[in-house]
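Chains as they are written, first to last, in this note's numbering: chain S, 1 to 356; chain H, 1 to 441; chain B, 1 to 296. We put the beta carbon where it would ideally sit given N, CA and C, even for glycine. Please read all numbers here as calculations on a predicted model, not as lab measurements. So the structure is just underneath, and the comments pick up after that.
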Amino acid sequence: MDKLRNIIGKNQAQGAGGAGAPAKARDLRLKLGVLAVLLLLPILLQNEPYYQEILTFVFLWGAMSGAWNIVGGYAGKFSLGHAAFFGIGAYTSGLLYTKLGISPWLGMFGGMLLSVIFALLIGVVTLRLKGKFFALCTIAFGMLVEIMAVYLRGVTGGSEGLLIPYEPGFWNMTFASKVVWAYIFLALMLGVYGVSRWLDKSALGYRLSALREDEDAAEALGVNTLAGKLSSITISAAITALGGSLFAQYFLWLEPNFCVSLDLSQQFALISIIGGMGTAIGPLVGAAIITPLQIFLRAAFGSAASGMSMMIYGFLLVVVVLYMPKGIVVEVRDRLRARRTKAVAGVVEREVSNVA
Amino acid sequence: MGEQKSGMKDILSTHLFTRRQILAGALGAAASAAVGPFFIKSAFAASDEIRIGTIFPMTGNMAFGGNEGFTGTEIARQIINEKGGIAGRQITFVKADAPDQTAATNEMNRLISREGVKLVIGSFSSAIAFTASAVAERNRVIFWENHGVADAITRRGFKYLFKSDINATGTGGGASNFAARYLAPKLGVKPKDLRVAIAWEDGTYGSSVGKGIESVAIDRGLKIVANESYSAKTTDLSPVILKLKAAEPDVLLVAGIGSDAVLFWKQVRDLDLNVKACVATSGGWGVPNFAQNLGASAEGIFSSDFPTDVNPRALTPEAAAMQKEFITRFEAAKGSRPTGNAYLAFAGTMLLFQHVLPKAPTLEPEKVQQAALSLDLLEGSMANGCGCKFIPPDQEDAGRNERAFSVVLQWQQGKVEVVWPERFANRDPIMVPLPTWSARG
Amino acid sequence: MDGTLFLQLLVSGLLIGGVYALISIGLTLIFGVMRIVNFAHGEFLMLSMFAAFWLFHFTGLSPYLLAPLVILLLFAYGVAIYVLVIRRTIGSPMVVQIFATVGLGLFMQNAALVLWSGDFRTIQTPASTALLRFAGIQVSQSMMIASLVAIVIALILFAFMAWTYPGKAIRATVQDRVGAQLMGVNIDRVFMMTFAIGSALVGIAGALLAPAYPIFPSVGANFGLASFVVVVLGGMGSMTGALLGGFLIGVVETFSGFFIDAALKQAVYFLVFILVLVFRPTGLLGQRGAEEIGLK
């Protein structure tokens, strides 16, 4: 028996990447390689503003879906009102800047703060709601914010939009160079990835997955589900608001029908779901697939048929949800793992028969 | 213990895999980007042609207007090319589709950096005009807007933006002007005694036009008895209509964008709101679909609108010939009379091709800018009856054509006719005051 | 304020409320039996309005005569969607249950845009402009018919559930899925019938609303949102609740639109929606089961 355990142990060491140390090194090399490519891409695409902008949007929507994933994927609370946080962030820093001249670098903290307060309100109010009812309730909250952003036109500019003046300068958070924006959104995306990785390992992360799997059981076992819910929604809201503030300075024009819309809320969720909920990398992969796909589909079908790209998008969502509900990343990983386990099992079998 | 180990392994293998995938993807993208420039069909490819970009919402909810705008623009190109082009060079269009704002920036970047165009014509919608012109400005590319009405488009101090049409204050204000100058005397009351009720949809279009209605109504001293906004997506307008009804107005001044206009007028009829006149402001009230959907109850509605089929007497001989040519070609292409929106596209583009580009055939932005700013065309010079003088860069509203104006149309026998101001009119206004619904049967 | 205006407001509110109730009955039936929230519900309505429009366009017959055809079409569509999509979501994780229908809605709305463009259309018949007058006020005949039909349908469904065998089978399934199965109820068939009937009910709504409203691809979006509010207020799964919720929301919307601001009438009913979800998640007349099963 000991011998057997020994063998399995040895094989595990080998299986987990043929002797642990080199595997770790390879993993690290890969990480650094990806990072290097991501860091180089904006510069490489410097003379290609079309592709560079697509890349910038991949980073932005990757980050926003990653933020949604913290509450949707990790805590299993499907919000369809996240655009409210995005809009609160965008409008707060945008208004502080245009009306009071406060630098967006400071204003964005104001947006995050307001967004967190709003998130706490939603969190407390929706305390008992689960699943579909939580989703319905967040739709209502999102719609309320959209309606108010249109209605309070004296403050927000309503549907006529809020114009942010283009005056390049560091303190204005307005940059003539698009490369800078690519790096800002890349940093945001990497930040969200970092938070998600931390959640993978932290006590909060475990609490959230307990919450997601079975809320009542988690509570019975003494997991503080309330703290889990509130912290996940506030972290998520703060990051989403930050993304909104940055977007405001990037786009320089805000309009409720776009930046507080139900469509945008859906987009955050869909990218994350298609990529792979509950994993740090899923939303980023989702954004890397969906964002360019949307833009290219529009270019390809655009003038041929209206709505074609969104139709394909909807179809894709139904198929992914029905046939790989865990998302592309998890699905592919599981298949790969199954193959690997088979291979390891084969080795163990052989060694066991050798021992015998 | 074993479980934990295998858990670790899972995590490792996951990341091993996904990262490798990403790396491959990212490298692929980088490679294509590095090689990409060699495949660009750039402006250099055909130096004997003048390449110009067009950006319209060809798809999505604004597709109808976008396609109409493009048709007007395209007819201008055909006419000029048949006459030998500009300085002997033919014009070609590079088309882009922008159903929404993010699409507009994506596509503008494509036009400018991938296609190398130096001038872009657009864009039907104010929202598209906002974002597309911002990209153009930062790339020193001329943006030639023929449609977007929001006042704020030209309030950003842009140097390379020219807007040939009237703004929202002009269109909305046109309704109030008409009420004060024509309706009040006709109904035998002083403007200050004319009770007007204002209603507008709270989207980008309606809120900017509604503001124009209100500010000019105040200027003209009209008695505003109600001022209501509503969402164009609403399922029911009865509270709005009943509120207006309770205010007992003589005249309705309305800004609606699309199907809300049909719902609005249908409920006005259902709830028996009787007014002496209804003056709408383009948008959903002036399009053929409106009367098709409402039938006889649309008769008599006014719309302060973009000039459409103005009386040829008010045009210069060249402009009158152009108008005739345009109507013939548009009917051949679309099977219907051109709308005000199509006229804007055609007249604005002809202005560019006939009066601006001959002086700057290389499309050098500074040269185009100079040529545009030197224009001084009197009313009646453009195919839709407008004149042209652009406001120079150092002043407020830089780039706006201060000689663009609106006219008042009226639905008569299922068609819109120009009825005011008199010099552009083809018909006289009818049905003032409007008969009550019970009298109309 | 004078009495006539008050009466007119009340009647207008009840009429739009009747429309909401009519749209919501299918949604609440599907939820009550299957515990599925059909996020594509508004798009089903859009589809049935287009079906009514095209049938009218090609035959020229009154939309009221064409209603049975629309109902049949939507019933068949319901069966197809059940087989292709919904069947797979039953008992699946929450993410599947929610986002399969979200994706379906996205698909349907944009497919309509591809097929029929973004232009709006209306059905022009004498019926669509006819008015009824009483007590000094007047109302649209088509809206009146829609409201009355909503009441009739709710009553018929109520009777169907109470006194017929299929109705009893459905109720048994609602109360105890496993038990019903042991008693020989074919759950899959019950679900398929429920979804198809729910969809056919939307067909009735579409046929009756087509003469009253402009028809375009995103027309379902706002009716859909309103029907969620109605169903939650009335109690998910309750027919009479949908009726009551519909009329209540209609009146609340009209009065708040008149007395507060028309631009805020949606905000008011979303607020009501949140308050109901928070303080009385079973709604006014919700089944007791809803809080146990439905809230998971």
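The region 83-94 of chain S and the region 213-225 of chain S do not touch, with fewer than three beta-carbon pairs separated by less than 8 Å.
The beta carbon of S/M324 sits no closer than 7 Å to any beta carbon of chain B. By a beta-carbon distance limit of 8 Å, H/L351 contacts H/C388. Their separation comes to about 6 Å. Listed along the chain, the chain H residues whose CB falls inside 7 Å of the CB of S/S159 are D202, G203, T204 and S207.
Here B/R177 is actually not in contact with B/I170; their C-beta atoms are around 11 Å apart, not less than 8 Å.
Chain-order list of chain B residues neighbouring S/V125: I274 and V278, by C-beta distance under 8 Å.
Taking a Cβ-Cβ threshold of 9 Å, the residues of chain H close to B/T254 are D236, S238, P239 and L242, in chain order. Taking 8 Å as the upper bound for CB-CB distance, H/G172 and H/V216 are in contact here, some 7 Å apart. Distance check between S/G276 and each of S/G73, S/A135 and S/V58 places S/G73 closest, using alpha-carbon atoms only.
Membership of H/W144 in the beta strand (DSSP E) is indicated by the continuous run I142 to E145. Of the other Cβ atoms in all chains shown, 16 or more fall within 10 Å of the Cβ of B/M143; this residue is therefore buried. Counting only residues of its own chain and dropping the five nearest sequence neighbours on each side, H/G348 has a CB closer than 6 Å to the CB of N146 and S164. Residues of chain S with a Cβ closer than 7 Å to the Cβ of B/N110 are, in chain order, G307, M310, M311 and G314.
Going by DSSP, H/T92 is part of the beta strand (DSSP E) stretching over Q90 to D97. The three-state reading of DSSP puts H/I257 in coil, since its state is none of H, G, I, E or B. Pairing B/G32 with S/S232, the inter-Cα distance amounts to about 31 Å. For B/R121, the secondary structure class from DSSP, reduced to helix, strand or coil, is strand. Annotation: the continuous alpha helix (DSSP H) that includes B/Q175 extends over Y165 to Q175.
Taking the beta carbon of H/G258 as reference, the chain B residues within 7 Å of it are F120, listed in sequence order.
Chain-ordered listing is empty here: chain S has no CB closer than 9 Å to the CB of H/R77, the nearest sitting near 16 Å. The beta carbons of S/I147 and B/A207 sit no closer together than 7 Å. Among the residues facing chain S, B/M94 is included, as its CB has a counterpart in that chain under 7 Å away. Contact of H/A246 with chain B by beta-carbon distance below 7 Å involves L5. Take B/I153, set aside five residues on each side of it, and the residues of its chain with a beta-carbon closer than 8 Å to its own are L22, I25, L201 and I204, in chain order. For the region 23-61 of chain B, not one full-length beta strand (DSSP E) segment reaches 3 residues or more. If the five residues before and after S/V179 are omitted, its C-beta is found closer than 8 Å to the C-beta atoms of P42, I43, Q46 and Q52, all from its own chain and listed in chain order. Annotated three-state conformation of H/C386 is coil, per DSSP. For the options B/L5, B/L7 and B/Y20, the alpha carbon positioned closest to that of B/V230 is the one of B/Y20. Scanning chain S for C-beta atoms nearer than 7 Å to the C-beta of B/F50 yields nothing, as the closest lies near 14 Å away. Taken through DSSP and simplified to helix, strand or coil, H/V120 comes out as strand. Near chain S, meaning a CB-to-CB distance below 7 Å, no residue of the region 177-198 of chain B qualifies.
Proximity of chain H to S/F86 at the Cβ level (cut-off 8 Å) is not reached, the minimal Cβ distance being about 13 Å. In this structure the region 360-376 of chain H does not touch the region 121-133 of chain H; the number of beta carbon pairs closer than 8 Å is below three. Residues of the same chain with a CB within less than 6 Å of the CB of H/D250, apart from the 5 flanking positions on each side, are L194, R195 and K276 in chain order.
Fully contained in the region 181-210 of chain H are the following beta strand (DSSP E) runs of length 3 or more, in chain order: 195-201.
Nearest CB-CB separation between H/F130 and chain S: below the 7 Å threshold.
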